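Input: a single structure, listed below in structure tokens.
In structure tokens:
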């Protein structure tokens with residue numbers, strides 16, 4: 001039986017970030033899934049504001065609408081831009097690295113902390129945490145000093161700061177698990193090893209597992225239909241998705 005194809009969508013326009021994400025996702029999936037990857041055609045090279053996240057949500061829909069050969073979608077940016085819209089319109093399951101990472105870090109009733117980037121996205125991150133029902137277990141949210149592109153270019157230069165923040169949320173805030181919030185943190189757990197003394201998550205691995213579970217439990221949905229109203233300026237695939245969704249593979 002063919003393995004599922006899980007489309008990983010990077011909502012920013014940086015191919016180097018996509019490559020890092022895809023490498024980590026494929027490592028986690030192993031032979032259980034194929035992980036094709038797509039990079040946003042337009043938008044910000046690094047998502048650090050609510051306005052950029054709004055544009056990124058459009059870019060995610062655009063990327064998914066261009067494909068009909070997938071069984072699930074991973075939205076691979078913290079705050080999960082476009083995830084709710086995908087769940088409404090796409091005919092395949094969709095998961096996000098923020099939601100999946102939060103659920104993994106908080107599993108078993110653990111108190112958890114987030115080490116992240118882009119403090120201007122805090123309101124969106126808070127919404128994800130609240131939707132997961134674990135806001136009472138978040139003990140700290142700390143930010144690395146660099147931006148998305150800084151870490152994308154040279155994450156190694158920030159490892160000491162990242163490790164110091166991880167140690168701080170454990171020692172001062174009582175975190176029992178740490179979620180690293182952002183696509184550029186993909187694979188960070190292997191770099192830090194057990195130095196923090198608590199489980200470490202970056203969201204990508206958790207999203208792969210969530211996508212595989214969603215594929216196995218996928219409900220049957222109606223086939224796509226032609227748009228019942230005009231969508232001026234939108235590609236045909238995106239218009240069809242907005243009108244009723246994209247068909248997954250048979």
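Residue numbers (the UniProt record's numbering): 1 to 250. For every residue, glycine included, the Cβ atom is placed at its ideal position computed from N, Cα and C. Note that this is a predicted model, so its numbers are computed, not measured.
Does DSSP put residue i in a helix, a strand or coil?
i           : result
residue 180 : strand
residue 18  : helix
residue 48  : coil
residue 151 : helix
residue 97  : helix
residue 188 : helix
residue 210 : helix
residue 142 : strand
residue 37  : strand
residue 168 : helix
residue 5   : strand
residue 234 : coil
residue 75  : strand
Can you round the beta-carbon distance between residue i and residue j to whole angstroms, since I take them to be within the 8 Å contact cut?
i           : j           : result
residue 205 : residue 3   : Wrong, their Cβ atoms sit about 17 Å apart, outside the cutoff.
residue 11  : residue 109 : No, residue 11 and residue 109 are not in contact; Cβ-Cβ is about 31 Å, not under 8 Å.
residue 148 : residue 46  : 3 Å
residue 251 : residue 95  : Residue 251 is absent from the model: the chain starts at 1 and stops at 250.
residue 53  : residue 121 : 6 Å
Considering only C-alpha positions, which residue in the set the options is nearest to residue i?
i           : options               : result
residue 102 : 92, 115 and 52        : 115
residue 24  : 188, 230, 193 and 197 : 188
residue 197 : 178, 184 and 213      : 178
residue 39  : 53, 60 and 230        : 60
residue 156 : 135, 184, 142 and 130 : 184
residue 167 : 193, 152 and 146      : 193
residue 229 : 128, 243 and 75       : 243
residue 90  : 160, 74 and 97        : 74
What's the C-alpha gap between residue i and residue j?
i           : j           : result
residue 70  : residue 34  : 9 Å
residue 150 : residue 123 : 23 Å
residue 169 : residue 241 : 42 Å
residue 181 : residue 78  : 6 Å
residue 36  : residue 19  : 11 Å
residue 208 : residue 140 : 25 Å
residue 57  : residue 41  : 12 Å
residue 62  : residue 164 : 39 Å
Is any heavy atom of the ligand HEM found at a distance shorter than 6 Å from the C-beta of residue i?
i          : result
residue 46 : No copy of the ligand HEM appears in this structure; indeed no ligand is present at all.
Terminal residues of the continuous alpha helix (DSSP H) containing residue i?
i           : result
residue 89  : 83–89
residue 115 : No alpha helix (DSSP H) contains residue 115, which is instead part of the beta strand (DSSP E) from 112–116.
residue 122 : 122–131
Is the CB of residue i under 7 Å away from at least one CB in chain C?
i           : result
residue 237 : In summary, chain C is missing from the structure at hand, where a single protein chain is found.
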